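**Q** One structure, as structure tokens, below. Some questions next.
Residue numbers (the numbering used here): 39 to 166.
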């Protein structure tokens, strides 16, 4: 039976500020922003052309208000990493370092959102 991954999560301190970062700075789309209970909301964003959403749960959802590891383990595939790196750098996105070629040939770097959640940005090279 067909399946797909609906979402992955990156805990945030301020859902409104994070939503603005992902939409206005990265150019992603808001997929959901719905009340859950009290002042809690289900907020998700999605990169252009993707179906897998990134959920932005409020850090208060976690035990003691402490988020899990900031290394999300989430890889984001792009078709033009150099253009994304240049555009996002101009918009103030923090990167771990410049784009580099991995030993297997893909080009990659790591970037951080405003809550220091770390993401892997990669441009896959066709197997040859």
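For every residue, glycine included, the Cβ atom is placed at its ideal position computed from N, Cα and C. Computed from a predicted structure; not experimentally measured.
(1) Would you check if there are 3 or more beta carbon pairs closer than 8 Å linking the region 40-54 to the region 89-103?
(2) With distances taken Cα to Cα, identify the nearest neighbour of residue 99 among 110, 89, 77.
(3) Identify the residues that DSSP records as bridge partners of residue 68: which are they?
(4) Would residue 81 and residue 64 qualify as a contact pair, given that the criterion is a beta-carbon distance under 7 Å?
(5) Which stretch, first to last residue, makes up the alpha helix (DSSP H) that contains residue 63?
(6) Going straight from the alpha carbon of residue 116 to that of residue 101, what length do you get?
(7) Could you please give me the residues that DSSP links to residue 47 through a beta bridge?
(8) Would residue 135 and residue 163 qualify as a contact pair, given that the criterion is a beta-carbon distance under 7 Å?
(9) Indicate the three-state DSSP secondary structure (helix, strand or coil) for residue 102 in the structure shown.
(10) Suppose only complete runs of 3+ residues qualify. What are the beta strand (DSSP E) ranges in the region 108-132, listed by chain order?
**A** Taking the definition as stated:
(1) yes
(2) For the purposes of this step, residue 99 is identified with residue 61 of the chain shown, where counting begins at 1. That would be 77, whose Cα lies nearest to the Cα of residue 99.
(3) One-based indexing of the chain shown puts residue 68 at position 30. Its beta-bridge partners are 83.
(4) The residue labelled residue 81 in the question sits at position 43 within the chain shown. The residue labelled residue 64 in the question sits at position 26 within the chain shown. Their beta carbons are not under 7 Å apart, which means residue 81 does not touch residue 64 by this criterion.
(5) Taking the first residue of the chain shown as position 1, residue 63 is located at position 25. Neither: residue 63 is in no alpha helix (DSSP H) and is coded neither H nor E.
(6) The residue labelled residue 116 in the question sits at position 78 within the chain shown. The residue labelled residue 101 in the question sits at position 63 within the chain shown. C-alpha separation (whole angstroms): 34 Å.
(7) Position 9 of the chain shown, counted from the first residue, corresponds to residue 47. The partner list for residue 47 (beta bridge, DSSP) reads 93.
(8) Indexing the chain shown from 1 puts residue 135 at position 97. Indexing the chain shown from 1 puts residue 163 at position 125. No, these two residues do not count as a Cβ contact at 7 Å.
(9) The residue you call residue 102 lines up with position 64 of the chain shown. Looking at residue 102 - three-state DSSP - the assignment turns out to be helix.
(10) 109-115
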